[in-house]
Each structure stands twice: as structure tokens, then as C-alpha cells.
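Just below is one structure, and these are the notes that go with it.
In the working numbering, the protein residues as written are 17 to 207.
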């Protein structure tokens, strides 16, 4: 039997209580444990996406591709985070890809709705994802690339260490060359 202990711990943490054996069996029955290799696409724009993903280990990125073929990273998800198209089960506008070899617990939209109604703490936890997403879009529109980079460094230094610079530059909406200038400028300020 696959190890679901990370998922059980998550539900126990948000619910602030131990799960019963019956609840654990229910969780195992609706979640599917999946592993994606580095650079493996999980879904593409235009796909009918019907699943949500809780990350056990690894790193995912959600991105779009503009009309000229340029990629723009919107979100990254790492261990103990949810990632997926919040508009599920509609046709998605996004791409979801593994940046590293990644293991997730995925759940269908219908099972997710049932689990959320039973574990009400889950909906408030997911709501925080919406709030983060809204703040991210406001930051993209209202802050400079330097400010957004500084915020990323302060809020998630581990993520900055794990990502190639071209993914970070895409996330900030700048070229890799411009990101190098931001990093060099920051290093000069420290000296």
C-alpha cells in the first residue's frame, strides 16, 4: 500500500485533530498518488483539467504561453502546497509542469467538492491560495521587478535556490539578462 502519511498529517494539521481509521480510508479512496518526472507536463492549455494537486515532494510550475510563444510563469508549488487550475473542471488556459521530479496526491473535482464539504477547514486553507493569487497579480501590476524579486527572496528563499534563473525571470516578467542585473545590483548594495 502506498504511503499517505503526508496527506494524513495535512488533514490532521488543518483540522487540529487526529483522523479516524475510517477517515483515513476515505481519503485514500479519493486521492491518487502520482509521480511526474522533471519537465513532464501534467496538463496543457486547452485540456479539460479535472484534478487538484497536493504536493508531497518536488516542485511544479503553472504558466501560460503568449501568442509569440513566450512562457510566463504564474505560480510555483512546492512541498505541502496545493496547485492546479482553480477553474477546474473547465477547459484550462494554463500549463502545469514538473520543475523537479515531483510526487503529488491528486483528487478529482467531484471528490474534492465532497471532501471540502466534510473537512470545512480545507476550504479556508484553499481560500488562502486564492488570496495569495490575488496578491501576486496585484504585485505584478503595481510593483517593480526589483520589488517583486525582493519579496520572493524574503518570502520564499528556498524556492529561489531551487529554480533556474530563467524560471525566476519569467515569474517576474523580465528577461534573464535583466534579472542578472537585479541580482548584481542587490549584491553591490550588500558590499
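A virtual CB, placed ideally from N, CA and C, is assigned to each residue, including glycine.
Exposed unless 16 or more other CB atoms sit within 10 angstroms - verdict on residue i
i	result
residue 190	buried
residue 182	exposed
residue 94	buried
residue 115	buried
residue 153	exposed
residue 206	exposed
residue 67	buried
Own chain partners of residue i with C-beta closer than 7 Å, once the 5 adjacent residues on each side are dropped
i	result
residue 44	20
residue 192	181, 182, 185
residue 31	135, 137
residue 141	30
residue 202	none
Proximity below 8 Å, CB of residue i to CB of residue j
i	j	result
residue 164	residue 149	no
residue 119	residue 73	yes
residue 123	residue 96	no
residue 59	residue 99	no
residue 185	residue 194	yes
residue 92	residue 175	yes
residue 104	residue 87	no
residue 121	residue 23	yes
residue 90	residue 80	yes
residue 198	residue 167	no
Cut-off 6 Å between Cβ atoms - residues of its own chain near residue i, not counting five sequence neighbours on either side
i	result
residue 101	65, 108, 110
residue 53	117
residue 50	120, 122
residue 69	99, 100, 120, 122
Rounded C-alpha distance that separates residue i from residue j
i	j	result
residue 131	residue 138	8 Å
residue 83	residue 42	43 Å
residue 40	residue 76	26 Å
residue 200	residue 177	16 Å
residue 63	residue 34	37 Å
residue 37	residue 145	29 Å
residue 179	residue 151	21 Å
residue 172	residue 78	17 Å
residue 204	residue 26	41 Å
residue 143	residue 85	32 Å
residue 155	residue 170	14 Å
is_contact[residue i, chain C] using C-beta, thresh 8 Å
i	result
residue 55	In the structure shown, chain C does not exist; there is a single protein chain.
Nearest to residue i (by Cα), restricted to the options the options
i	options	result
residue 18	30, 133, 172, 47	47
residue 106	155, 57, 202, 61	61
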